[in-house]
Amino acid sequence: MWTSIGDELKMGIPENPRIREQKQKYLSNKSYLHDVTLRAEPYMYWIAGQVKKRNMPMELVLLPIVESAFDPHATSGANAAGIWQIIPSTGRNYGLKTDPQL
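Note that the numbering used here has the sequence shown beginning at 8, numbered continuously upward.
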């Protein structure tokens with residue numbers, strides 16, 4: 008799955024110190040990446056299929072790594088929640104169901 012996603016990544020990555028720093032942070036912490044990939048498993052096929060079906064950039068599949076490390080119980084100080092870190096007002100605007108058990 009990860010290989011097929013990687014094959015479809017098309018956005019260029021700008022060269023700047025902050026991006027290099029973050030990239031190095033991820034690459035130097037193999038156990039963190041391993042844990043993230045395990046948490047991502049239940050979601051990856053479905054998300055990738057939906058992104059592909061809608062002809063959206065495959066990079067969107069990777070966004071939850073940055074937003075929540077694919078932790079469905081992640082929350083933020085801004086009251087964002089879930090793997091996508093959606094705030095309540097955005098959820099309401101899109102008619103998303105809110106439930107502490109989801």
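Beta carbons: idealized from backbone N, C-alpha and C, even for Gly. These numbers come from a predicted model, not from an experiment.
{"Query": "According to DSSP, residues forming a beta bridge with alanine 81", "Result": "Alanine 81 pairs with nothing; no bridge assigned."}
{"Query": "Where the alpha helix (DSSP H) through glutamine 92 begins and ends", "Result": "Taken as a continuous stretch (DSSP letters only), glutamine 92 belongs to no alpha helix (DSSP H), as it is neither H nor E."}
{"Query": "DSSP three-state assignment for alanine 87, whether helix, strand or coil", "Result": "coil"}
{"Query": "Inter-residue spacing [alpha-carbon to alpha-carbon] between leucine 33 and threonine 44", "Result": "Strictly speaking, residue 33 in this sequence is tyrosine, with leucine absent from that position. Looking at the two C-alpha atoms, the distance is approximately 12 Å."}
{"Query": "Through-space distance from asparagine 36 to leucine 16, alpha-carbon basis", "Result": "22 Å"}
{"Query": "Rounded separation between valine 58 and glutamine 92 - CA only", "Result": "18 Å"}
{"Query": "Rounded C-alpha distance that separates alanine 47 from glutamine 29", "Result": "20 Å"}
{"Query": "Proximity winner among Asp106, Met8 and Lys104, relative to alanine 55 (alpha-carbon distances)", "Result": "Met8"}
{"Query": "Beta-carbon gap between valine 73 and methionine 51 smaller than 8 Å", "Result": "no"}
{"Query": "Endpoints, alpha helix (DSSP H) assigned at tyrosine 50", "Result": "37-60"}
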